[in-house]
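Protein chains in written order, with numbering that gives the first Met the number 0: chain X, 0 to 332; chain C, 0 to 331.
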Amino acid sequence: MYFSSKYIKIIVFLLIFPTIVFSQRKVELILESDSIEMGDQTKLFLLADKNAGKISFPIFGDTLIGNIEIIESNLDTTEDGKWLRMKYLITSFEPAIYPIPPIPILIDNDTLFTNRAYLYVTPFIPDSALLAELDTANAPVIFNMKLSHFDIKEPIDTPFNFEEFWLRFSLYVWLALLVIVIAIVLYFYIKKRKKQTKEVVKKIKSKIPAHITAVKELNALKTRKLWQKEETKAYYTQLTEIIRVYIEQRFEVPALEQTSHELLLDMKAIRILQTNELELLKKMLKLADLVKFAKYKPLSNDNDLHLKNAYLFVENTKIRDQRNETAKVTENE
Amino acid sequence: MNSLSVDIKELNERIEKESALIETITLEMNKVIVGQNHLVESLLIGLLSNGHILLEGVPGLAKTLAINTLSNIIDAKFSRIQFTPDLLPADLLGTLIYSQKQEDFIMKKGPIFANFILADEINRSPAKVQSALLEAMQERQVTIGTESFKLTEPFLVMATQNPIEQEGTYPLPEAQVDRFMLKVIINYPKKEEEVLIIRQNLAKSFPKANTVLSTEAIIKARQVVKDVYMDEKIEKYIVDIVFATRFPEQYDLKKYKDLISFGGSPRASINLALAAKAYAFIKRRGYVIPEDVRAVCHDVMRHRIGLTYEAEAENISSEEIISEILNTVEVP
Chain X
0 MYFSSKYIKI
10 IVFLLIFPTI
20 VFSQRKVELI
30 LESDSIEMGD
40 QTKLFLLADK
50 NAGKISFPIF
60 GDTLIGNIEI
70 IESNLDTTED
80 GKWLRMKYLI
90 TSFEPAIYPI
100 PPIPILIDND
110 TLFTNRAYLY
120 VTPFIPDSAL
130 LAELDTANAP
140 VIFNMKLSHF
150 DIKEPIDTPF
160 NFEEFWLRFS
170 LYVWLALLVI
180 VIAIVLYFYI
190 KKRKKQTKEV
200 VKKIKSKIPA
210 HITAVKELNA
220 LKTRKLWQKE
230 ETKAYYTQLT
240 EIIRVYIEQR
250 FEVPALEQTS
260 HELLLDMKAI
270 RILQTNELEL
280 LKKMLKLADL
290 VKFAKYKPLS
300 NDNDLHLKNA
310 YLFVENTKIR
320 DQRNETAKVT
330 ENE
Chain C
0 MNSLSVDIKE
10 LNERIEKESA
20 LIETITLEMN
30 KVIVGQNHLV
40 ESLLIGLLSN
50 GHILLEGVPG
60 LAKTLAINTL
70 SNIIDAKFSR
80 IQFTPDLLPA
90 DLLGTLIYSQ
100 KQEDFIMKKG
110 PIFANFILAD
120 EINRSPAKVQ
130 SALLEAMQER
140 QVTIGTESFK
150 LTEPFLVMAT
160 QNPIEQEGTY
170 PLPEAQVDRF
180 MLKVIINYPK
190 KEEEVLIIRQ
200 NLAKSFPKAN
210 TVLSTEAIIK
220 ARQVVKDVYM
230 DEKIEKYIVD
240 IVFATRFPEQ
250 YDLKKYKDLI
260 SFGGSPRASI
270 NLALAAKAYA
280 FIKRRGYVIP
290 EDVRAVCHDV
300 MRHRIGLTYE
310 AEAENISSEE
320 IISEILNTVE
330 VP
């Protein structure tokens, strides 16, 4: 009984002692993971008792020890009981077992040392399929593993991916489509509007038939008695202008902008006029040109004759179903 | 009885008589030149209205032959000057040379002292040579040293420009181009004309035009051309055409407003009137009709309309603008 109680006491002591010792430590070093693959990262924490005094963590450059590099370091402010934590993100590219020695932390004027730790950096282990392709005969042995040196990989051939394109440029595509649609709508709108305007002008123009206007104008010219007042030039100018305007409206030939010769050629080309009508027009225009441009003085009979010829020309060439209307206008005038 | 007023009747008769020389010239020209009626007509217009002609056409279209033949027909002196980049004004006008025999400077007249000058490829020479020629054309006199020499009348310059080779050329400035009364574009002959040309050139002897006129006859004809009657309606028509090149928007040609950088000058109006009179004379008429104005309008106006970059970008030529103006301006 005595023996057993003695052993129980020893066992209890042994169990409690480390806890007492541990609980009394004021600084500590903890590794998030003590084994990493080369190039991988892990966190190293330096802990110090908040209540121990004024704490100064050591300042490292970019290397912790040997081939262990520090990527970043910062004070971890997350609440962790009595501990103040300094966090270091570390990595290594050389496979080895790195003993991390006790790190000194200054608390007030005392330098306290953390516990020792080991970081085990394992080499990169390619998958078996890749290893099968490599010549591993002369490969170096690292951590009992035979590796081979191999060339840098070729650039990865990434085929065109519509989804990727669409994600990146869809906004521009939509904008371009919108602009095209607006342009098409505008084009048709302007075209339609122009057409409507033209139709309106045409309708207004065609309200009064050309021959009715011409006959009215000829009547007015007759009443002005220009040639009787020795104004022969003005008489022929107005006479030919009435006929030219009539031709322009009736046959849609730009008669006002054409010379007599060009007009006669055009009238001949459209083959609407009979030979005698063409002859009437030719005589009238030729004589008018002489009067207008060569001081020609025709006889009074000629003046009358050409006015009658003008009436005749209009009568013979007007649009058939409107002939009755012309007769009415002539009678009324 | 129909009657022309006295002056026009008399003028018509006079022109009928005087313009007979046109038939003579045309007949002789046609012996040598096949086709190219427009070129021959333009030469006559220039000759009769005391103007100069700028010809544009590819080589081998009988430009030299035409003016040479004209000088033969009229018994006039002809000079052909090939313009090159190293030509000097003295090569053209003449210079003073020291004579050891006379122990004095003597005058050596240049090829400009002729009645008909063919200035071949005028744009190949630098500006100073072009200026020397154009000054002589305008002033009709040449100053060498301290002495001025009048050029003999008739004095007609026909300058050529090659439209296909522009490298290494000195384009004529607008102000100098304006001094040419006409700018004539020569085109290739028709098929049947070309067949005749081949036959003519392969024959044993090349036809030769006879000398049938004197320079005095031309000077006299020029006076008659000046008397050709031009009604005020025609004058107004000419002014309208020239104004339409300056202010197209006033003539329903707003679309050309931004395409024309400058329109015809008053010299354009003068030359259009003169050329129309000459054309009426060639057609043996004592008065000008709108057809005459339209017939010469392209040749008189095409080099007097300045086009903007927009016009060049849109491929719009002065030809197109002139045609549109003629189709828009109301004929009297």
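Heads up, the beta-carbon is just placed ideally off N, CA and C, and yes, glycines get one too.
A quick note: this is a predicted structure, and the numbers were derived from the prediction, not measured.
Reduced DSSP secondary structure (H/G/I, E/B, other) of residue i
| i | result |
| --- | --- |
| F77(C) | strand |
| I189(X) | helix |
| I70(X) | strand |
| L3(C) | For L3(C), the predicted model reports a pLDDT of 47, less than 50, meaning its position is unreliable; a value from the coordinates is still stated below. Three-state DSSP puts L3(C) in a strand. |
| T258(X) | coil |
| D230(C) | coil |
| R322(X) | Residue placement at R322(X) cannot be trusted, given a pLDDT of 49 that sits under 50; the coordinates are not used to answer. |
| Q101(C) | coil |
| P289(C) | helix |
| I320(C) | helix |
| F115(C) | strand |
| K307(X) | helix |
| S299(X) | helix |
| F168(X) | helix |
| I259(C) | strand |
| F312(X) | helix |
| S18(C) | coil |
| P88(C) | helix |
Cα-Cα separation, residue i to residue j
| i | j | result |
| --- | --- | --- |
| R301(C) | G262(C) | 10 angstroms |
| E323(C) | I304(C) | 13 angstroms |
| N315(X) | S264(C) | 46 angstroms |
| A287(X) | Y235(X) | 5 angstroms |
| V26(X) | Y171(X) | 59 angstroms |
| I102(X) | E31(X) | 16 angstroms |
| F205(C) | Q199(C) | 7 angstroms |
| P289(C) | S98(C) | 58 angstroms |
| I7(C) | I211(X) | 38 angstroms |
| P84(C) | L273(C) | 34 angstroms |
| R322(X) | T244(C) | Low confidence applies to R322(X): its pLDDT is 49, below 50, so where it sits in the model is not reliable enough to give any reading. |
| G50(C) | I269(C) | 11 angstroms |
| L252(C) | A275(C) | 24 angstroms |
| L171(C) | A126(C) | 8 angstroms |
| D126(X) | E36(X) | 14 angstroms |
| Q137(C) | M266(X) | 45 angstroms |
| L166(X) | I179(X) | 21 angstroms |
| K149(C) | E229(X) | 50 angstroms |
| Y295(X) | Q195(X) | 47 angstroms |
| V292(C) | I143(C) | 39 angstroms |
| N394(C) | F82(C) | Because chain C spans 0 through 331 in this model, residue 394(C) falls outside it and cannot be assessed. |
| Y236(C) | L284(X) | 18 angstroms |
| D239(C) | K108(C) | 44 angstroms |
| I24(C) | Q35(C) | 14 angstroms |
| I70(X) | I7(X) | 49 angstroms |
| S2(C) | K16(C) | With a pLDDT of only 44 at S2(C), under the threshold of 50, the placement of this residue in the model should not be trusted, and no figure is reported. |
| A116(X) | I155(X) | 41 angstroms |
| S34(X) | L14(X) | 28 angstroms |
| K76(C) | A208(C) | 15 angstroms |
| M0(X) | N114(X) | For M0(X), the pLDDT reaches just 47, beneath the cut-off of 50, and the residue's location in the model is therefore unreliable, although a value from the coordinates is still provided. Each residue's alpha carbon lies about 40 angstroms from the other. |
Supposed close pair residue i, residue j - CB separation, criterion 8 angstroms
| i | j | result |
| --- | --- | --- |
| I52(C) | F179(C) | 6 angstroms |
| I14(C) | R284(C) | 7 angstroms |
| D103(C) | T159(C) | That belief does not hold up - the Cβ atoms of D103(C) and T159(C) are roughly 38 angstroms apart, past 8 angstroms. |
| A267(C) | V241(C) | 5 angstroms |
| L306(X) | L217(X) | 7 angstroms |
| I315(C) | L258(C) | 6 angstroms |
| I99(X) | Y119(X) | Rounded, the Cβ-Cβ distance is 11 angstroms, inconsistent with contact. |
| S130(C) | Q140(C) | Going by Cβ atoms, the distance from S130(C) to Q140(C) rounds to 15 angstroms, so no, they are not a contact pair. |
Cβ contact check for the region 218-233 of chain C and the region 89-100 of chain C: 3 or more pairs under 8 angstroms: Output reads no: the region 89-100 of chain C does not touch the region 218-233 of chain C.
Within 7 angstroms of chain C by C-beta, residues of the region 255-278 of chain X in sequence order: Those residues of the region 255-278 of chain X placed with their C-beta closer than 7 angstroms to a C-beta in chain C are L255, E256, Q257, T258, H260, ordered along the chain.
The region 40-55 of chain X touching the region 72-87 of chain X, judged by at least three CB pairs closer than 8 angstroms: Yes, since at least three Cβ pairs between the region 40-55 of chain X and the region 72-87 of chain X fall closer than 8 angstroms, the two stretches touch.
Contacting positions in the region 224-250 of chain C - beta carbon closer than 9 angstroms to chain X: The region 224-250 of chain C vs chain X, Cβ under 9 angstroms: Y228, M229, D230, K232, I233.
Given 8 angstroms, three or more beta-carbon pairs between the region 242-260 of chain X and the region 212-222 of chain X: The region 242-260 of chain X is in contact with the region 212-222 of chain X.
Where the region 66-98 of chain C meets chain X: residues whose CB sits under 8 angstroms from a CB there: Close to chain X, meaning a Cβ-Cβ distance shorter than 8 angstroms, is no residue of the region 66-98 of chain C at all.
Members of the region 290-304 of chain X that neighbour chain C once the beta carbon cut-off is set at 9 angstroms: Close to chain C, meaning a Cβ-Cβ distance shorter than 9 angstroms, are the following residues of the region 290-304 of chain X: K291, F292, A293, K294, Y295, K296, P297, L298, D301.
Contacting positions in the region 270-289 of chain C - beta carbon closer than 9 angstroms to chain X: The residues in question are R284, G285, Y286, V287, I288, P289.
Chain X contacts from the region 317-328 of chain C (Cβ-Cβ distance under 8 angstroms): Listed in sequence order: L325, N326, T327, V328.
Segment contact, 8 angstroms Cβ cut-off, at least three pairs: the region 218-238 of chain X with the region 304-314 of chain C: Touching, no.
Cβ-based contacts, 7 angstroms cut-off: residues of the region 223-257 of chain X near chain C: Of all residues in the region 223-257 of chain X, the ones placed with a Cβ closer than 7 angstroms to any Cβ belonging to chain C are P253, L255, E256, Q257, in chain order.
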